[in-house]
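One structure is given here, and the rest of the page talks about it.
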Amino acid sequence: MLRVFTAMGSHARPILDRLDRFIASRRRAGLNIGDDDAEMRADEMLLAATIAARERIAG
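Positions 1 to 59 (full-length UniProt numbering) are the ones given, in order, by the sequence shown.
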């Protein structure tokens, strides 16, 4: 989904407030991988991707 928003560029700006809430959230994604370390790594990767997408959308 982040790829779609990024491809939309400035047209995706209405979603920025939701991305900001996701980024600021202490518990971002409810991942159930089964391994705490893997869940943390996946969450950190998702956070990094969200921040990068937000920067590209905001311009």
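Idealized CB from N, CA, C, for every residue including glycine. Note that the structure is predicted; figures quoted are calculated from it, not measured.
| Item | Value |
| --- | --- |
| Check whether ALA48 and LEU31 have beta carbons under 8 Å apart | no |
| Close Cβ partners of SER10 (< 8 Å) along its chain, the five nearest in sequence each way excluded | ILE57, GLY59 |
| Where the alpha helix (DSSP H) through ALA38 begins and ends | 36 to 58 |
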